[in-house]
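Chemist: Dumping the structure here so I can ask a few things about it.
Number of protein chains: 2
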Amino acid sequence: MTTTSMKDVAKAAGVSVGTVSNVLNRPEAVAEETRARVQAAIADLGYVRNDSARQLRAGRSRTVAIVVLDVANPFFTDVVRGAEPLVESAGGVVTVCDSGEDVRRERRHLELLEEQRVLGLLITPVDDSSASWIERLSGHDIPVVLVDRGAGRHPHCSVAVDDVHGGRLAAQHLVERGHRKIAFIGGPAAIPQVADRLGGCREVCEESGVELEVFATPGLNFQAGREAIEQMLGSEDRPTAVFCANDLVALGALQGLTMHGVKVPQECAIVGYDDIDFAAAAAVPLSSVRQPRAQLGRTAAQLLFDEIAEGRDHTHRNVVFQPELVARASTALEL
Amino acid sequence: MTTTSMKDVAKAAGVSVGTVSNVLNRPEAVAEETRARVQAAIADLGYVRNDSARQLRAGRSRTVAIVVLDVANPFFTDVVRGAEPLVESAGGVVTVCDSGEDVRRERRHLELLEEQRVLGLLITPVDDSSASWIERLSGHDIPVVLVDRGAGRHPHCSVAVDDVHGGRLAAQHLVERGHRKIAFIGGPAAIPQVADRLGGCREVCEESGVELEVFATPGLNFQAGREAIEQMLGSEDRPTAVFCANDLVALGALQGLTMHGVKVPQECAIVGYDDIDFAAAAAVPLSSVRQPRAQLGRTAAQLLFDEIAEGRDHTHRNVVFQPELVARASTALEL
DNA sequence: CCGTGTTTTTGAATCGTTTCATGAACGGAT
DNA sequence: ATCCGTTCATGAAACGATTCAAAAACACGG
Numbered sequence: 091m092t093t094t095s096m097k098d099v100a101k102a103a104g105v106s107v108g109t110v111s112n113v114l115n116r117p118e119a120v121a122e123e124t125r126a127r128v129q130a131a132i133a134d135l136g137y138v139r140n141d142s143a144r145q146l147r148a149g150r151s152r153t154v155a156i157v158v159l160d161v162a163n164p165f166f167t168d169v170v171r172g173a174e175p176l177v178e179s180a181g182g183v184v185t186v187c188d189s190g191e192d193v194r195r196e197r198r199h200l201e202l203l204e205e206q207r208v209l210g211l212l213i214t215p216v217d218d219s220s221a222s223w224i225e226r227l228s229g230h231d232i233p234v235v236l237v238d239r240g241a242g243r244h245p246h247c248s249v250a251v252d253d254v255h256g257g258r259l260a261a262q263h264l265v266e267r268g269h270r271k272i273a274f275i276g277g278p279a280a281i282p283q284v285a286d287r288l289g290g291c292r293e294v295c296e297e298s299g300v301e302l303e304v305f306a307t308p309g310l311n312f313q314a315g316r317e318a319i320e321q322m323l324g325s326e327d328r329p330t331a332v333f334c335a336n337d338l339v340a341l342g343a344l345q346g347l348t349m350h351g352v353k354v355p356q357e358c359a360i361v362g363y364d365d366i367d368f369a370a371a372a373a374v375p376l377s378s379v380r381q382p383r384a385q386l387g388r389t390a391a392q393l394l395f396d397e398i399a400e401g402r403d404h405t406h407r408n409v410v411f412q413p414e415l416v417a418r419a420s421t422a423l424e425l
Numbered sequence: 091m092t093t094t095s096m097k098d099v100a101k102a103a104g105v106s107v108g109t110v111s112n113v114l115n116r117p118e119a120v121a122e123e124t125r126a127r128v129q130a131a132i133a134d135l136g137y138v139r140n141d142s143a144r145q146l147r148a149g150r151s152r153t154v155a156i157v158v159l160d161v162a163n164p165f166f167t168d169v170v171r172g173a174e175p176l177v178e179s180a181g182g183v184v185t186v187c188d189s190g191e192d193v194r195r196e197r198r199h200l201e202l203l204e205e206q207r208v209l210g211l212l213i214t215p216v217d218d219s220s221a222s223w224i225e226r227l228s229g230h231d232i233p234v235v236l237v238d239r240g241a242g243r244h245p246h247c248s249v250a251v252d253d254v255h256g257g258r259l260a261a262q263h264l265v266e267r268g269h270r271k272i273a274f275i276g277g278p279a280a281i282p283q284v285a286d287r288l289g290g291c292r293e294v295c296e297e298s299g300v301e302l303e304v305f306a307t308p309g310l311n312f313q314a315g316r317e318a319i320e321q322m323l324g325s326e327d328r329p330t331a332v333f334c335a336n337d338l339v340a341l342g343a344l345q346g347l348t349m350h351g352v353k354v355p356q357e358c359a360i361v362g363y364d365d366i367d368f369a370a371a372a373a374v375p376l377s378s379v380r381q382p383r384a385q386l387g388r389t390a391a392q393l394l395f396d397e398i399a400e401g402r403d404h405t406h407r408n409v410v411f412q413p414e415l416v417a418r419a420s421t422a423l424e425l
C-alpha cells in the first residue's frame, strides 16, 4: 500500500537503483535489454517518481513563480500566457500566485516560494514595502524579474510599460475632446501603476488648465468602479469625463453610469487602461490605453532565463515599452 | 554562499538539529531560553526551511491542485476563489493548472502533480478520456474531486451543476419569447458541459417543434463566438436566437452580430451560460444561465477535506446544484 | 589466454528535514 | 544520599532520488 520507490523497481527488475535512475534520466547510457526490463517493472508496479526527493537532491525546483495582483484580471492572465511557453520550453513549470493587491498575502506567498527554492520569480509587487522581501529572495540566489514595474534603483531586471506616458495619453485624448473637468478613478494610491497613471494625467491637466478630481478606490476591480461612480454622481459640478486606472474599474464605472441613466459618451466620456478583450465588447466600447500584455510576460521570462544562464556575471536589464491609446465609442464626440 | 541548513543553525546556536526542528515545529516543547537562542541564530543566518526535504520526510505535500479548463474564464477564477479560503484555513496551498481544454496539457499536469504527491486534486476534466488518468491518481491515494461535472459511475466525489437542466432553461426562455429557430454555439462536443447544455436545449426544441442548428466551435472563448457568427450569418434562413455554451462565447457572438449591424435582441437574441460579471456589463446586457460559482469551489474543497479526514471508510458524495436563468436585455421582447 | 579498451552496472554517499527512543539535568520528597 | 518524575536536549535513522568513482562484463587483437 505504501508508495513504491526506485528500490522496489530495482528489486523487481533485478538491477541496482543506480540503473533505474539511469533509465529515467539517461536512457541512452543503459543497455537496450536492461532498459526494457526496468521499464517493464516500472509499468508493472505503477511507479511514479518522487519529485520532492529529486528536488532535494537537485537543490532547486523547476518552478517559475509568477505573483500577480489579481488573477481574475485578464491583463494578468495575458501576461502569464505570454510567459508560459518560454518557461515550458525550458523544461520549467509555471505557478501563479495571486496577491490580491494585499501585501500580507504577497508576503505569505514569497515566504512559501522561498522555502520551495523556486527557480525564479516574476512579480508585480503590490507596493514599495515589498522591496526588502524581494531582495531577500534574490539575495538567496533566486533571480527576480519585476513585471509591469520599473526596477528604479532596485537590483533586479524589469519589464515595464511607461505608465506616466500612458496617463498623459489618456488625459491628452480627453482634453482634445474638449473636456474641462476630468475625474480619475483608481487606487490604492500606493500601487505604483496607479500613482504613475494619475501622475501623467495630472501633468497634462495642469499644463492645459483642466480641472482634475480624484476618486480613490480600495482596489482595482469592477465593484470599485461602480462605487466610485455613486460618489461622483453625488457631487455637484460633475466631471464630463473619467479616466480609470484599469479596464475593470472602467467597466464598473460604465455600468454605474448607465444604471443612473447617464449617457456615455454624450454626458460622460470614459477612458480605461490595459485594453483587455472585454473593453472592446463593452456596453459602450471602451477607449483604453493598450499595453503589450503578452510581450510583457514573454520578455520577463526571457530576462529571467538570461539571468539564470549568465549566472555570476549578469547585468540587470530594464526594458520599457510604450503604451498606445485606442480610441473607441466611449470617448467619441457627440454625434 | 551555499544555502544554510538546520545544521548550520544548530551549530551557531550550540544545540542539536533536533532542537532546531523543535523550535520550528513545536516551539512550546523547548525551553524559553534555548528557543530564543535558536531563533536569533535563524534570523542571523537568514535561514529558510527547505520545503523539499520537509515533504520528502512527510511523504505528502500541502498543495491542493485545481485543474481548470481555462484560467482566463472568470467562471473558473470564481470557482478557485471559492475554494481557496477553505484550503488555506486548513494549512494548505492552492495551485492552479490550466488545461486549456487540451487533453495533452491536462495529462502533463496530472503527471507532474502525481510526482509532486499533491494533497488532493480538484479537477474539471476536459473529457472522458481523462478518466483513467484521474483514477490512477486516486488509486495512488490522492483524493480527487470532480468539479462542474458529475461523477457518473466514476469512483470520486463530485460537485456539479445540472447542465441539462441549464440547457433546458435557456431554450425554454427563447421558445417562450417566440423564437422558432435557434442556434447553438459551442464546442468541442466532447466536453461534457457542452454536450449536456446542448442536450437540454435539444430536448426542449424537439418537445416544442422548434428548429435547432448547431455551430460547433473549437473552443469556448471570445474568438470562437465571433467566428461562429460569421458562419451563421452566411447561411440563409438565419436563426433568430442563439444559445451559447458559455458567456465568453456569447460575448464574442454579441460582438460579431454588432459588427455586422445585426441588432440584439431585435434581430437576434442571445443567451449565455455562467453569468460571469462581464455578462451584465456587456454591450447589450446578456441573459445567462447562472451557476453558483464560488459555492462550487467551496463545496469541492469541503468534500476533498472530508475525504482526507475520513480516510479508509469514506463514501463518495455527489453534490448537484440547480442553475437558474437570469433574463436581461439580450433576450428582451422588442419594444 | 592475456592485456587493453569500451560499455554497463553497482552501491555508497549525499541532499535537509522530521521523528523518536534514549539520556541528561534538575527539583523535590523521603 | 537516593530515588522518582518532569522537562529538555540529543543524535541516529529514515524519506527517495541522483551522482560518481570503482568494479564488472564484454570485445577483440595479438
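Just so you know, the protein sequences line up as chains W and R, in that order. In this text, residue positions in the first sequence follow the numbering used here: the first is 91, and each later residue adds one. In this text, residue positions in the second sequence follow the numbering used here: the first is 91, and each later residue adds one. The beta carbon of each residue, even a glycine, is placed where N, CA and C say it ideally should be.
If I measure Cβ to Cβ from Ser151 of chain R and keep anything under 7 Å in the same chain, skipping five residues before and after, which residues do I get?
Modeler: Around Ser151 of chain R: Gln145, Gln206, Arg207, Val208 and Leu209.
Chemist: Going by DSSP in three states, Glu301 of chain R sits in which element: helix, strand or coil?
Modeler: It is a strand residue.
Chemist: Are Val235 of chain W and Val249 of chain W closer than 8 Å when you measure CB to CB?
Modeler: Yes, they are a contact pair.
Chemist: Beta-carbon of Glu204 of chain R versus every beta-carbon of chain W: anything under 8 Å?
Modeler: Closer than 8 Å: yes.
Chemist: On the CB-based measure, 16 or more other CB atoms within 10 Å of its CB, does Asn163 of chain R come out buried or exposed?
Modeler: Flag for Asn163 of chain R reads buried.
Chemist: Could you please tell me which residues of the segment 153-181 of chain R, in chain order, have their CB closer than 7 Å to any CB of chain W?
Modeler: Under the 7 Å Cβ criterion, the segment 153-181 of chain R contributes Val161, Ala162, Pro164 and Thr167.
Chemist: Here's the rule I'm using: 16 or more other beta-carbon atoms within 10 Å means buried, otherwise exposed. How should Asp410 of chain R be labelled?
Modeler: The residue you asked about is not Asp; residue 410 of chain R is Val in the sequence shown. Exposed: under 16 other Cβ atoms inside 10 Å.
Chemist: From the beta carbon of Asp337 of chain W, is the nearest beta carbon of chain R less than 8 Å away?
Modeler: With 8 Å as the cut-off, Asp337 of chain W does not count as an interface residue toward chain R.
Chemist: Could you tell me how far apart the beta carbons of His269 of chain W and Val300 of chain W are, in whole angstroms, since I believe they sit closer than 8 Å?
Modeler: Sure, about 7 Å apart at Cβ, within 8 Å.
Chemist: Taking 8 Å as the threshold (C-beta atoms), are Gly277 of chain R and Thr307 of chain R in contact?
Modeler: It is a contact, given that the beta carbons lie within the stated cut-off.
Chemist: When Cβ atoms are compared, which residues of the segment 307-325 of chain W fall closer than 8 Å to chain R?
Modeler: Flagged, chain order: Phe312.
Chemist: Helix, strand or coil for Ser377 of chain W, going by three-state DSSP, please let me know.
Modeler: Reduced to three states, the DSSP call for Ser377 of chain W is strand.
Chemist: Between His230 of chain R and chain W, is any beta-carbon pair separated by less than 8 Å?
Modeler: Yes, His230 of chain R lies at the interface with chain W (some Cβ there is under 8 Å from its Cβ).
Chemist: If the cut is a Cβ gap below 8 Å, which residues of chain W does Gln385 of chain R touch?
Modeler: Per Cβ cutoff of 8 Å: no residues; Gln385 of chain R is ~17 Å from chain W at best.
Chemist: Considering only C-alpha positions, which residue in the set R:Arg383, R:Ala384 and R:Val361 is nearest to Val374 of chain R?
Modeler: For the residues R:Arg383, R:Ala384 and R:Val361, the minimum Cα distance to Val374 of chain R belongs to R:Val361.
Chemist: Name the residues in the segment 132-146 of chain W whose C-beta lies less than 9 Å from a C-beta of chain R; which are they?
Modeler: So the close ones are Gly136, Val138, Arg139, Asn140, Asp141, Ser142, Ala143, Arg144, Gln145 and Leu146.
Chemist: With a threshold of 7 Å on Cβ separation, who are the neighbours of Pro413 of chain R within its own chain once the five nearest residues in sequence on each side are excluded?
Modeler: Cβ within range, chain order: Val251, Asp252, His255, Gly256, Leu259, Val379, Arg380 and Gln381.
Chemist: Where do the N-terminal and C-terminal ends of the beta strand (DSSP E) with Lys353 of chain W fall, by residue?
Modeler: Run containing Lys353 of chain W: none; DSSP gives neither H nor E here.
Chemist: According to DSSP, is Leu159 of chain R part of a helix, a strand, or is it coil?
Modeler: Note: Leu159 of chain R maps to coil in three-state DSSP.
Chemist: Nearest CA to the CA of Gly182 of chain R: which residue from R:Ala318, R:Arg198, R:Leu159 and R:Thr153?
Modeler: Here the closest residue by C-alpha is R:Thr153.
Chemist: Rounded C-beta distance between Ala371 of chain W and Leu341 of chain R? I'm assuming under 8 Å.
Modeler: Yes, they are in contact, since the Cβ atoms of Ala371 of chain W and Leu341 of chain R sit about 5 Å apart, within 8 Å.
Chemist: Decide if the segment 277-292 of chain W is in contact with the segment 96-115 of chain R; the criterion is three or more beta carbon pairs, one per stretch, under 8 Å apart.
Modeler: Short answer: they don't touch.
Chemist: What does DSSP give as the partner residue(s) for Leu146 of chain W in the beta ladder?
Modeler: Leu146 of chain W pairs with nothing; no bridge assigned.
Chemist: Going along chain R in order, which residues have a C-beta closer than 8 Å to the C-beta of Ala373 of chain W?
Modeler: Per Cβ cutoff of 8 Å: Ala371, Ala372, Ala373, Val374 and Pro375.
Chemist: What's the gap between the Cα of Ala285 of chain R and the Cα of Glu293 of chain R?
Modeler: Roughly 12 Å between the two C-alpha positions.
Chemist: Identify, in the order they occur along the chain, each residue of the same chain with its Cβ nearer than 8 Å to the Cβ of Gly315 of chain W, setting aside the five sequence neighbours on each side.
Modeler: Closer than 8 Å at the Cβ level, and outside the excluded window around Gly315 of chain W, lie Ile275, Thr307, Cys334, Leu338, Val339, Ala340, Leu341, Gly342, Ala343, Leu344, Gln345 and Gly346.
Chemist: Taking the alpha-carbon positions, what's the Ala143 of chain R to Arg239 of chain R distance?
Modeler: Taking the straight line from one Cα to the other gives about 36 Å.
Chemist: Report the residue ranges of all alpha helix (DSSP H) runs contained in full by the segment 159-240 of chain R; include only those spanning at least 4 residues, in chain order.
Modeler: Counting only runs of 4 or more, we get 164-179, 193-205 and 221-229.
Chemist: Using a cut-off of 9 Å between C-beta atoms, extract the partners of Val113 of chain R located in chain W.
Modeler: By Cβ distance, chain W contributes nothing, its closest Cβ being about 16 Å from Val113 of chain R, past 9 Å.
Chemist: Please determine, among W:Glu178, W:Leu264, W:Gln129 and W:Asp231, the residue with the shortest C-alpha to C-alpha distance to Ala419 of chain W.
Modeler: Considering only alpha carbons, the answer is W:Leu264.
Chemist: For Gly387 of chain W and Leu302 of chain R, I'd like the C-alpha separation in whole angstroms.
Modeler: Using only the alpha carbons, I get a separation of about 42 Å.
Chemist: Along the chain, which unbroken stretches of the beta strand (DSSP E) at least 3 residues long are found entirely within the segment 313-344 of chain W?
Modeler: If we require 3 residues or more, the beta strand (DSSP E) runs fully inside the segment 313-344 of chain W come out as 331-334.
Chemist: Could you say which of R:Thr167, R:Ser377 and R:Ala390 lies nearest to Val161 of chain W if we only look at CA atoms?
Modeler: Taking only the C-alpha atoms, the option nearest Val161 of chain W is R:Thr167.
Chemist: Judging by CA-CA distance, which residue of W:Gly309, W:Val113 and W:Glu225 is the nearest neighbour of Cys247 of chain W?
Modeler: It is W:Glu225 whose Cα lies nearest to the Cα of Cys247 of chain W.
Chemist: Counting only the same chain and skipping the five closest in sequence on each side, list residues whose C-beta sits under 7 Å from that of Asp367 of chain R.
Modeler: Cβ within range, chain order: Pro164.
Chemist: Looking at chain R, is there any beta carbon in it that lies within less than 8 Å of the beta carbon of Gln426 of chain W?
Modeler: With chain W running from 91 to 425 in the structure shown, residue 426 of chain W is simply not present.
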